[in-house]
Amino acid sequence: MMVPEGGSAKLICRARGYPKPRIVWRREDGAQIIVRTAPDKVERMNSVEGEVLTLSKITRSEMGAYLCIAANGVPPTVSKRMMLHVHFHPLIQVRNQLVGAPVNTDVTLQCHVEASPKAINYWTRESGEMILANDKYYMTEINNSYYSVHLKLVIRRFQKSDLGGYKCISKNSIGDAEGTIRLYEVELPKSEDDETEEELQIIEESEESSEDMEQRLYGSQGSLTETEGINLALNVSSSCALLPFGRLYTVVLVLLRIY
Numbered sequence: 004m005m006v007p008e009g010g011s012a013k014l015i016c017r018a019r020g021y022p023k024p025r026i027v028w029r030r031e032d033g034a035q036i037i038v039r040t041a042p043d044k045v046e047r048m049n050s051v052e053g054e055v056l057t058l059s060k061i062t063r064s065e066m067g068a069y070l071c072i073a074a075n076g077v078p079p080t081v082s083k084r085m086m087l088h089v090h091f092h093p094l095i096q097v098r099n100q101l102v103g104a105p106v107n108t109d110v111t112l113q114c115h116v117e118a119s120p121k122a123i124n125y126w127t128r129e130s131g132e133m134i135l136a137n138d139k140y141y142m143t144e145i146n147n148s149y150y151s152v153h154l155k156l157v158i159r160r161f162q163k164s165d166l167g168g169y170k171c172i173s174k175n176s177i178g179d180a181e182g183t184i185r186l187y188e189v190e191l192p193k194s195e196d197d198e199t200e201e202e203l204q205i206i207e208e209s210e211e212s213s214e215d216m217e218q219r220l221y222g223s224q225g226s227l228t229e230t231e232g233i234n235l236a237l238n239v240s241s242s243c244a245l246l247p248f249g250r251l252y253t254v255v256l257v258l259l260r261i262y
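If you're matching positions, the sequence shown starts at 4 in the numbering used here and goes up one per residue.
The structure is reproduced here in structure tokens:
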């Protein structure tokens, strides 16, 4: 039986036998049956006795299988299974609408979907481009109940080009819904090893600058005269104030070689 959410339904079950069978209704999953006897009165019962089970203002949580069990004390007990479908448009819940991750790591985006009848679920980029499963993207759907599905999108080896918005979209015959998740980069703090490597790189650059200066003074152009050496030394000394402190020893080395 199908009923829209908020509607009413009557489940009818009759049995014959001698003595007359007693009929009891139960939910197959063991959940309680919700009986509304008045607008402001709601009862939750493990079982309901009678040929007719009346359900009103039905919600999606009441969807499922109902068992009509007939017994008169003479074995065997007879039962009949009736399925109640509650239809409603999709609803999407996104717990984490903003997700951050470092570059070159795998990122997981998640959406929770409720829909009946069963919906078509898929992911898109913010631009509207549909995401397909491949080496870059991995998608899963986990069914939690008759109407509840958990969606996951795994983005492998996250790069800067993956930044931006992602949408999980759900559509069925009644309507559609979407949820948006924004993905941003998280920069990891530098370790002591990284800082040491940067210092070594600066030292190597300074040494290379020193070698270049020596090549200019004592390279293929031959030795400088005393006057040229003094003039060059003066030029170097006058400009040393413009040099970074980390490279002052280069100027000192040049002056020593000149004299």
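Cβ atoms here follow ideal geometry from the backbone N, Cα and C, with glycine treated the same way.
Taking 8 angstroms as the cut-off, the Cβ atoms of K83 and C171 do not count as close.
Its Cα nearest to that of L56, the residue T40 stands out among R63, L94, T40, K44.
Cα atoms of M5 and E181: separation of roughly 25 angstroms, rounded to the nearest angstrom. Burial of Y169 is indicated by the presence of at least 16 other C-beta atoms within 10 angstroms of its C-beta. Here the region 111–127 makes no contact with the region 29–45; the two share fewer than three CB pairs at distances below 8 angstroms. Going by DSSP, D179 is part of the beta strand (DSSP E) stretching over 179–188. Cβ contact annotation for M85 (same chain, cutoff 6 angstroms, sequence separation greater than five): L14, Y69, in chain order. In this model, K44 and S176 are separated by some 33 angstroms (Cα to Cα). Listed in chain order, the alpha helix (DSSP H) runs fully inside the region 63–117 amount to none, counting runs of at least 4 residues.
Judged by DSSP in its simplified three-state form, S50 adopts coil rather than helix or strand. Taking C-alpha positions only, P78 is separated from P24 by approximately 11 angstroms. For S151, the three-state secondary structure derived from DSSP is strand.
Remark: fewer than three beta-carbon pairs, one from each stretch, lie closer than 8 angstroms, so the region 126–144 and the region 44–53 are not flagged as touching. Bridge pairing for R29: L70 [DSSP]. Under the three-state reduction of DSSP, K163 is assigned to helix. Here I95 is buried. Its C-beta has 16 or more other C-beta atoms within 10 Å. Closest in alpha carbon position to K155, among D165, Q162, I184, is I184.
As computed with DSSP, L135 is found in no beta bridge at all. Between S119 and V89, the C-beta gap is smaller than 8 angstroms, which places the two residues in contact. Rounded to the nearest whole angstrom, the C-alpha separation of G20 and L87 is 27 angstroms. For L191, there is no enclosing beta strand (DSSP E), as DSSP marks it with neither H nor E. Of the candidates V51, L101, I26, T62, V51 places its Cα closest to the Cα of G33.
Looking at the DSSP output, E144 shares a beta bridge with L154. If you draw a 10 Å sphere on the C-beta of V152, you find 16 or more other C-beta atoms in it, and that means buried. Taking C-beta atoms as the reference points, P7 and N75 fail to come closer than 8 angstroms. Cβ-Cβ distances below 8 angstroms link E190 to P105 in the same chain, with the five nearest sequence neighbours on each side left out; the list follows chain order. Partner residues in the beta bridge of S119, as assigned by DSSP, are F91.
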